[in-house]
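The sequence shown lines up with residues 5 to 458 when you count with this note's numbering. Quick notes on the structure that follows.
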Amino acid sequence: MPTEQPKKYIEGQPQFLFQHRDVEGYANIDTYMKYGGYDALKKAVTMDQDAIINEVKLSGLRGRGGAGFPTFIKWNGIPKNWDQPHYLVINADEGEPGTAKDRELMNKTPHLLVEGCIITCFAIRAKSCYIYVRGEYMEPAKQTQRAIDQAYAQGFLGKNILGAGFDCDIYVHMGAGSYECGEETALMSSLMGERGMPRHKPPAAPLPVISGVWQSPTVVNNVETIATVVPILNVGGAEYAKYGTGAPDASPFTCSKGTKLVTLSGHVKRPGNYEIVMGTPTRDIIFGLGGGMLRDDKKFKFMIPGGSSVKLLVEEHLDAPYSYEGLTKAGSLLGSGGLMVFDETTSVPALMARLSHFYAHESCGKCTPCREGTNWLVKIHDRLLAGGGRPEDVDILLDICNNIEGRSFCPLGDAAAWPIQGAMKYFRHEYEELARQGMAANRRTFAPLQMAAV
Ligand SMILES: Cc1cc2nc3c(=O)[nH]c(=O)nc-3n(C[C@H](O)[C@H](O)[C@H](O)COP(=O)(O)O)c2cc1C
Ligand code: SF4
């Protein structure tokens, strides 16, 4: 008897991005066009630029790169009557631990990204687009370049596209494998050949849409955000917005419309990338799509719902809607959509130690709280795990986090502090236990204290 294949999506939920991902040859332009590829571009060039932006507004699309900023507001920020060149920069850095959705989009559906880039360039009056790909993503970069070459050959890129008097070029630019270069201002610096360090943001400096790469108006968007523009134009913004959460008249900052790609990983039976409608209970992603806990005899312990930079959540949050608002209400963030699941065998301090090493390694060193603080987080975690911990280490860790959070030049500092702050909220006892074991192991060093305990 053939066994039933597990579903890659939840019954009844639309697949705006992944509908054809497993179709043989879909990365080729011929197959892509057989399934309606480049129809959205053909429609876009007959529309007024503001009408395209309006469709994106109606769709409720918010940035899928981590911050959830409404896409149409960013696009509308581009000056309309400036002679200066405008640029579109695609953030394909995807360095957030636990996130691999953009990789799958670029590998399997690269024309969705390329078509989205061309439409966006048309809408924001840009003639050049740079796709900034993380250094390790050789295959996604290759697939994207192939798709670009095919789009040129078909007349969808280059001069006078589809006879609409619109010119557009796309360039793939490889980063050198730095997490910080995913931060949009550091990315722009890196793209221009400077050090990958962040720049000032408003009110200290103008927004990238006013002064971005080469001091010109620039829109920076994530791969998934721009790929989503294609189905939005195909079905219409209002139709797209029928899915997800938030009232039709909700502010663009307080709704979660359409679908989201989620990278499910960790102690689950079926890790992978899934497209879900925003607001789906997190439990359905883990236990439905993911097949539940990897080992049947091990219980769920906690999850990190939006890439390693957000606070962890526990069992009581399993029914939280997977949406911007749902996860914020639960005490965490949707972030980049990297949902990591951990069973009862996981040591929280050991995991936090691993993350601290990552953030200390990726800190660009520009500001003191992050450069020094992340190093101290590593040292104290390592000391605790090596059995040399002291009771005061637990509060020192929290104190360091509080001095990094909100005091760093860019959000990487917060990202290093938040997971530990979240861990302490639910699993402080694991840190205290480590510190106690450290005291016992080092009783000669701390003899007076040990005697007092006896
Ligand atoms: C340390 C750091 C790393 C980031 N890495 C990425 C990344 O890899 N990909 C991404 O799209 N956004 C990343 N972001 C968010 C970007 O700064 C920016 O908000 C995003 O590219 C905007 O695109 P969106 O509006 O389409 O989400 C990162 C932010 C920070 C602070
Ligand atoms: S917080 Fe400071 S040191 Fe850390 S990555 Fe940002 S600018 Fe660099």
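Glycine residues also receive a C-beta, built at the ideal position from the N, C-alpha and C atoms.
Legend entry - Collapsed DSSP secondary structure at Gly-417 in the structure displayed: Along the sequence shown, read from residue 1 onward, the residue named residue 417 stands at position 413. In this structure, Gly-417 counts as helix in the three-state DSSP scheme.
Legend entry - Sequence-distant residues of the same chain with beta carbon closer than 7 Å to Ala-168, five excluded per side: What you label residue 168 is simply residue 164 of the sequence shown in a count that begins at 1. Hits under 7 Å: Val-49.
Inset, instruction - Could you check which residue in Ser-193, Ile-174 and Val-352 has the C-alpha nearest to that of Ser-182? - result: Here the question's residue 182 lines up with position 178 in the sequence shown. Closest by alpha carbon: Ser-193.
Legend entry - Exposed unless 16 or more other CB atoms sit within 10 angstroms - verdict on Met-431: Taking the first residue of the sequence shown as 1, we reach residue 431 at position 427. Before going on, a small fix: residue 431 reads as Phe here, not Met. Looking at its Cβ environment, which holds 16 or more other Cβ atoms inside 10 Å, Phe-431 is buried.
Inset, instruction - Determine the direct distance from the alpha carbon of Asp-397 to that of Phe-76, and round the result to whole angstroms. - result: On the sequence shown, position 72 is the one that residue 76 refers to. On the sequence shown, position 393 is the one that residue 397 refers to. Answer to the nearest angstrom: the Cα atoms are 46 Å apart.
Inset, instruction - Grab the span of the beta strand (DSSP E) containing Ala-155 for me, first residue to last. - result: In the sequence shown, counting from the first residue as 1, residue 155 sits at position 151. Unbroken run through Ala-155 is the alpha helix (DSSP H), 142 to 157; no beta strand (DSSP E).
Inset, instruction - Flag Asn-362 as yes when its Cβ comes closer than 6 Å to any non-hydrogen atom of ligand 2, and as no otherwise. - result: Taking the first residue of the sequence shown as 1, we reach residue 362 at position 358. Reading off the sequence shown, one finds Phe at residue 362, where the question assumed Asn. No, since every heavy atom of ligand 2 falls outside the 6 Å radius drawn around the Cβ of Phe-362.
Legend entry - Spatially closest choice to Asn-225 from Gly-102, Tyr-363, Phe-346 and Ile-135, by CA coordinates: Position 221 of the sequence shown, counted from the start, is the residue given in the question as residue 225. Considering only alpha carbons, the answer is Ile-135.
Inset, instruction - Starting from Ala-96, follow the beta strand (DSSP E) in both directions and report where the run begins and ends. - result: Residue mapping note: residue 96 aligns to position 92 of the sequence shown, counting from 1. Ala-96 -> beta strand (DSSP E) spans 91 to 96.
Legend entry - C-beta atoms of Gln-88 and Ser-215 nearer than 7 Å: For this step, residue 88 is matched to residue 84 along the sequence shown. For this step, residue 215 is matched to residue 211 along the sequence shown. Contact flag unset, no.
Inset, instruction - For Trp-422, count neighbouring Cβ atoms within 10 angstroms of its own Cβ and tell me buried if that reaches 16, exposed if not. - result: The residue given as residue 422 occupies position 418 in the sequence shown. Under this definition Trp-422 is a buried residue.
Inset, instruction - Assign Thr-189 to one of two classes, buried (16 or more other C-beta atoms within 10 Å of its C-beta) or exposed (fewer than that). - result: Here residue 189 corresponds to residue number 185 of the sequence shown, with the count starting at 1. So Thr-189 ends up on the buried side.
Legend entry - Heavy atom of ligand 1 within 6 Å of Val-224 beta-carbon: In the sequence shown, the residue the question calls residue 224 occupies position 220. It does: the Cβ of Val-224 is within 6 Å (strictly closer) of some heavy atom of ligand 1.
Inset, instruction - Return yes when the C-beta of Cys-133 is under 6 Å from any heavy atom of ligand 2, and no when it is not. - result: Within the sequence shown, the letter at position 129 stands for residue 133. Every heavy atom of ligand 2 is 6 Å or more from the Cβ of Cys-133, so no.
Legend entry - Cut-off 6 Å between Cβ atoms - residues of its own chain near Leu-438, not counting five sequence neighbours on either side: Against the sequence shown, residue 438 aligns to sequence position 434. So the list reads Pro-353, Leu-388 and Gly-393, once near-sequence residues are dropped.
Inset, instruction - Tell me whether Glu-140 counts as near ligand 1, meaning its Cβ is closer than 6 Å to at least one heavy atom of that ligand. - result: Here residue 140 is taken as the residue at index 136 of the sequence shown, counted from 1. No, since every heavy atom of ligand 1 falls outside the 6 Å radius drawn around the Cβ of Glu-140.
Inset, instruction - Consult DSSP for Leu-338 and reduce its assignment to one of helix, strand or coil. - result: The residue given as residue 338 occupies position 334 in the sequence shown. Residue state, collapsed to three classes: coil.
Legend entry - Close Cβ partners of Val-233 (< 7 Å) along its chain, the five nearest in sequence each way excluded: Indexing the sequence shown from 1 puts residue 233 at position 229. Cβ within range, chain order: Val-60, Gly-120, Ile-123 and Thr-124.
Inset, instruction - Could you spell out where the alpha helix (DSSP H) holding Ser-412 opens and where it closes? - result: Your numbering for residue 412 matches position 408 in the sequence shown. No alpha helix (DSSP H) holds Ser-412; DSSP gives it neither H nor E.
Inset, instruction - State yes or no: is the C-beta of Ala-4 within less than 7 Å of the C-beta of His-115? - result: This structure does not reach residue 4, given that the chain is present from 5 up to 458, and the question cannot be answered.
Inset, instruction - Would you mind reading off the limits of the alpha helix (DSSP H) that contains Val-60? - result: To locate residue 60, count along the sequence shown from 1; it is residue 56. Segment 53 to 63, the alpha helix (DSSP H) holding Val-60.
Inset, instruction - Kindly list the residues whose CB is nearer than 7 Å to the CB of Glu-143, restricted to its own chain and excluding five residues on each side of it in sequence; keep chain order. - result: Counting from 1 along the sequence shown, the entry for residue 143 is found at position 139. Same-chain partners within the cutoff: Asn-111.
Inset, instruction - Tell me the start and end of each unbroken alpha helix (DSSP H) in the region 301 to 378 that is at least 4 residues and wholly inside, in chain order. - result: 328 to 334 and 352 to 366
Inset, instruction - State yes or no: is the C-beta of Ala-324 within less than 7 Å of the C-beta of Thr-286? - result: Reading the sequence shown from its first residue, position 320 is the one you call residue 324. Reading the sequence shown from its first residue, position 282 is the one you call residue 286. Yes, the Cβ-Cβ distance between Ala-324 and Thr-286 is below 7 Å.
Legend entry - Paired residues, beta bridge with Met-37 - DSSP: Translated into the one-based positions of the sequence shown, residue 37 becomes position 33. None, per the DSSP bridge assignment.
Legend entry - Pairwise C-alpha distance: Tyr-328 and Thr-372: Looking up residue 372 in the sequence shown gives position 368. Looking up residue 328 in the sequence shown gives position 324. Taking the straight line joining both Cα atoms gives about 31 Å.
Legend entry - Nearest-angstrom Cα separation, counted from Gly-295 out to Lys-305: Locating residue 305 in the sequence shown gives position 301, counting from the first residue. Locating residue 295 in the sequence shown gives position 291, counting from the first residue. If you take the alpha carbons of Lys-305 and Gly-295, they lie about 16 Å apart.
Legend entry - DSSP three-state assignment for Arg-66, whether helix, strand or coil: For this step, residue 66 is matched to residue 62 along the sequence shown. Correct three-state label for Arg-66: strand.
Legend entry - Check: Thr-229 C-beta below 6 Å from any heavy atom of ligand 1: The sequence position of residue 229 within the sequence shown is 225, counting from 1. Within the cutoff, so yes.
Inset, instruction - Under 8 Å by Cβ, that's how I've got Met-297 and His-321 pegged, so tell me the actual separation to the nearest angstrom. - result: Here residue 297 is taken as the residue at index 293 of the sequence shown, counted from 1. Here residue 321 is taken as the residue at index 317 of the sequence shown, counted from 1. No, Met-297 and His-321 are not in contact; Cβ-Cβ is about 16 Å, not under 8 Å.
Inset, instruction - Could you have a look at Met-297 and say whether DSSP puts it in helix, strand or coil? - result: For the purposes of this step, residue 297 is taken as the residue at position 293 of the sequence shown. In the structure shown, Met-297 sits in a strand (DSSP, three-state: E or B).
Legend entry - Cut-off 7 Å between Cβ atoms - residues of its own chain near Ser-340, not counting five sequence neighbours on either side: As a first step, residue 340 must be located in the sequence shown, where it is residue number 336. Around Ser-340: Gly-69, Gly-70, Glu-100, Thr-103, Gly-310 and Gly-311.
Inset, instruction - Label Pro-235 either buried or exposed according to how many other C-beta atoms from any shown protein chain fall within 10 Å of its C-beta, with 16 as the threshold for buried. - result: Sequence index remark: in the sequence shown, residue 235 carries index 231 (1-based). When all chains shown are included, Pro-235 counts as buried.
Legend entry - Cβ-based burial, Phe-160 [other Cβ within 10 Å; buried from 16]: Indexing the sequence shown from 1 puts residue 160 at position 156. Per the 10 Å Cβ criterion, buried.
Legend entry - Euclidean distance between Cα positions of Asp-173 and His-90: Counted from its first residue, the sequence shown places residue 173 at position 169. Counted from its first residue, the sequence shown places residue 90 at position 86. Using only the alpha carbons, I get a separation of about 12 Å.
Legend entry - Bridge-paired residues (DSSP) for Asn-226: Reading the sequence shown from its first residue, position 222 is the one you call residue 226. The partner list for Asn-226 (beta bridge, DSSP) reads Asn-95.
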